[in-house]
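Novice: Have a look at this one before I ask anything.
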Amino acid sequence: MSSSTAATSPLYAPPGSIHLNDKEEKFVQLLDQFARSLQPPIECRIAGGWVRDKLLDLPSHDLDVALSTTSGYQFAVDFAHFLHAHNVTTGSVGRVAANPEQSKHLETGTTRVMDLECDFVGLRSETYSDSRIPDQVQLGTPLEDAERRDLTLNSLFFNVHSRQVEDWTRHGLEDLKNKVARTPLPPRQTFLDDPLRVLRAVRFASRFDLAIEPSVEAAIKDADIQTALQSKVSKERVGIETTKMMHKNPLLAIQLIHRLGLHEPMFTCSVPPPHPRSEALAAAEILHAAIERGAGEGTELLWLAAATCPYRDAEVPGKKPVPAVSAIMAEGLKLSTEHRNGVAHLFDAAKMLDPSLEGRSRIGIVLQNTAVRPWCQSFVWAVVMRILPTWKGMWTSEHDEVLSTFFRFRDHIEELGLPAAIDQHPIVDGKQVQALLEIKPSPLFAVIMRAINEWQLDHPSATADDCRQWLLAQWQGDGRVTWEGQVPAPVNRSKKTAKR
1 MSSSTAATSP LYAPPGSIHL NDKEEKFVQL LDQFARSLQP PIECRIAGGW VRDKLLDLPS
61 HDLDVALSTT SGYQFAVDFA HFLHAHNVTT GSVGRVAANP EQSKHLETGT TRVMDLECDF
121 VGLRSETYSD SRIPDQVQLG TPLEDAERRD LTLNSLFFNV HSRQVEDWTR HGLEDLKNKV
181 ARTPLPPRQT FLDDPLRVLR AVRFASRFDL AIEPSVEAAI KDADIQTALQ SKVSKERVGI
241 ETTKMMHKNP LLAIQLIHRL GLHEPMFTCS VPPPHPRSEA LAAAEILHAA IERGAGEGTE
301 LLWLAAATCP YRDAEVPGKK PVPAVSAIMA EGLKLSTEHR NGVAHLFDAA KMLDPSLEGR
361 SRIGIVLQNT AVRPWCQSFV WAVVMRILPT WKGMWTSEHD EVLSTFFRFR DHIEELGLPA
421 AIDQHPIVDG KQVQALLEIK PSPLFAVIMR AINEWQLDHP SATADDCRQW LLAQWQGDGR
481 VTWEGQVPAP VNRSKKTAKR
């Protein structure tokens, strides 16, 4: 990798810029002592996020130690032996083989020292051809290692021996102070070398409220770079970065995704969105405003629902059609089943949570629905979806009234005692029902159990004897006919067999 700067020495942070706690102080002392004892001595620098966070007075327990040697694993093994001789316990030393897809380009040693999670890996220099995975990685200089990083403020080093913060790009300290997202090398080169850095730039810009340097913004909007993001970065990596964006400042993250034209390359699906992509931004703005006004807590699933809002109402065709939002979670981002089902459930729940609902059992049955649980989260999303059609970028008195209506609905739910009631077991359980009515498990039995649930919700003070008396009366009267009429018609399996 060729350098874009003529710097041969770093800039330094003022003395005392980093304050080590007792554990960090002991760790640095022992690491310095060990590294100097080797023949030849090995230079050790703590790199990246820990340095940034310490300069910002933020807690950080993950240390990436950059070494002037290629085998981080062997260094970690030897360092652990040294620590044990000094009565310092460590975790077991793990070996992470080079795995470029996970951004592990040299062998890494990992261990835990005094509650600090430590990775040891060599300084590296990289060359790229036509992939985000470098085709050559070798031991590099501090400058070369700094230049391969995503942003200048993530390229700082803390020299364990001199106790100085080194800024080899000569922009990192200034950019951290001024809250600027800048790439160490020209942004087009940085992003084409590894398009994943686009998403990392957005994540850190949203997390630390950074102004994106104009040339960086222009590069992110470049069609070649956005194409590279879609074609060269695995869906798993996109999913990891996307979920990380949904925590510290998710509204700003979605605003940046919208402004930089990243929605399409990030949230991919085999069907087009039936609603404008700008509705992701609108939903995020409403969600943020509703949370600020006491609607509830913002969760990762809620923010992912906002991000995928343009795809609501769309389905991916197939033997069993799948909601497009589920397909994005499962295939576009390679997220978990919880994400796949959870986001789709929020859109279903928003249609079910209607403040005009009346009756303890009617409301309770809605709250018991799998799509609605947890109901407090679904409540927030129902507010968002109710406001979305009238959203013009500003919260209005009309939206205050919508929120007030939902607040009254929430108060009513709590006054009815439903948050606890919806999780209560049947006061007459399945075995007792079978014995009482002399029936076996069947589709009719399932209908009866649903009827008991509804009756129990409407009679919160009733006893098991009350329920049994009601059940027998229904079974011996018109209730049985009603229940039998609710049994689903049997599936004609002969037609299915014939098709085969």
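Residue numbers for the sequence shown follow the UniProt record's numbering, beginning at 1 and rising by one.
Note that beta-carbon positions come from the ideal geometry of N, C-alpha and C, so glycine has one too.
Who are the near neighbours of His309 in its chain, counting only those whose CB is closer than 6 Å to its CB and skipping five residues on each side?
Specialist: The amino acid at residue 309 is misidentified as His; the sequence shows Cys. Same-chain partners within the cutoff: Glu279, Ala280 and Ala283.
Novice: Can you give me the C-alpha to C-alpha distance between Met329 and Lys244, rounded to a whole angstrom?
Specialist: 14 Å
Novice: Taking the alpha helix (DSSP H) that Leu367 belongs to, which residues open and close that run?
Specialist: Arg360 to Gln368
Novice: For Lys54, collect the residues of the same chain with a Cβ closer than 7 Å to its Cβ; drop the 5 residues on either side in sequence, then sort them by chain order.
Specialist: Ile18 and Ser60
Novice: Helix, strand or coil: how does DSSP classify Ile439 here?
Specialist: coil
Novice: In angstroms, rounded to a whole number, what distance separates the CA positions of Ala13 and Lys26?
Specialist: 22 Å
Novice: Can you find the residues in the same chain that come closer than 8 Å, C-beta to C-beta, to Lys495, ignoring five residues on each side of it along the sequence?
Specialist: Bear in mind that a pLDDT of 49 at Lys495, under 50, signals an unreliable position, so the model cannot answer this.
Novice: Have a look at Ala327 and Val88 and give me their C-alpha separation to the nearest angstrom.
Specialist: 49 Å
Novice: Less than 9 Å between the beta carbons of Val487 and Leu436, yes or no?
Specialist: no
Novice: If we call anything under 9 Å between Cβ atoms a contact, is Glu454 one with Ser397?
Specialist: no
Novice: For His339, I'd like the list of residues in its chain whose CB is within less than 6 Å of its CB, leaving aside the five on either flank, ordered along the chain.
Specialist: Met329
Novice: Return the CA-CA distance between Ile254 and Asp175, expressed in angstroms with no decimal places.
Specialist: 23 Å
Novice: Any contact between the stretch 228-242 and the stretch 177-189? By contact I mean 3 or more CB pairs, one from each, below 8 Å.
Specialist: As far as the Cβ criterion goes, the stretch 228-242 does not touch the stretch 177-189, which means the pair count is below three.
Novice: If you drop the 5 nearest sequence neighbours on each side, which residues of the same chain put their C-beta closer than 6 Å to that of Leu471?
Specialist: none
Novice: Taking all protein chains shown into account, do 16 or more other C-beta atoms lie within 10 angstroms of the C-beta of Gln377, making it buried, or fewer, making it exposed?
Specialist: buried
Novice: If we require 3 or more residues per run, which beta strand (DSSP E) segments fall completely within the UniProt domain "Poly A polymerase head" (44-181)?
Specialist: Correct list: 44-47, 62-67, 94-96, 108-113, 116-122, 124-127, 136-139, 157-159 and 165-167.
Novice: For Gly296, which of Arg312, Ala307 and Val383 has the nearest alpha-carbon?
Specialist: Comparing Cα-Cα distances from Gly296 to each of Arg312, Ala307 and Val383, the minimum goes to Val383.
Novice: Would you mind working out which of Pro389, Leu151 and Val271 sits nearest Ile212, comparing C-alpha positions?
Specialist: Leu151
Novice: Could you give the DSSP three-state label for residue 581: helix, strand or coil?
Specialist: It is not possible to answer for residue 581, since the shown part of the chain is limited to 1 through 500.
Novice: I need the straight-line Cα distance from Ala371 to Cys269, nearest angstrom please.
Specialist: 22 Å
Novice: Indicate the three-state DSSP secondary structure (helix, strand or coil) for Leu304 in the structure shown.
Specialist: helix
Novice: I believe Ile286 touches Ile427 by the beta-carbon criterion, under 8 Å. Please report the beta-carbon distance rounded to the nearest angstrom.
Specialist: At roughly 41 Å, the Cβ-Cβ gap does not stay under 8 Å, so Ile286 and Ile427 are not in contact.
Novice: Given a threshold of 16 other Cβ atoms within 10 Å of its Cβ, counted over all protein chains shown, does Asn178 qualify as buried or as exposed?
Specialist: exposed
Novice: Helix, strand or coil: how does DSSP classify Pro323 here?
Specialist: Here Pro323 carries a strand assignment [DSSP, helix/strand/coil].
Novice: Excluding the five sequence neighbours on either side, which residues of its own chain have a C-beta within less than 7 Å of the C-beta of Arg500, listed in chain order?
Specialist: Legend: pLDDT at Arg500 = 47, less than 50; position of this residue unreliable, value from coordinates given subsequently. Same-chain partners within the cutoff: there are none.
Novice: One question on the structure: do Ala307 and Phe347 come within less than 9 Å of each other, judged by their Cβ atoms?
Specialist: no
Novice: Can you look up Ala349 in the DSSP assignment and give me helix, strand or coil?
Specialist: Ala349 falls in the helix class under three-state DSSP.
Novice: Bridge partners for Leu11 per DSSP, in chain order?
Specialist: Asp167
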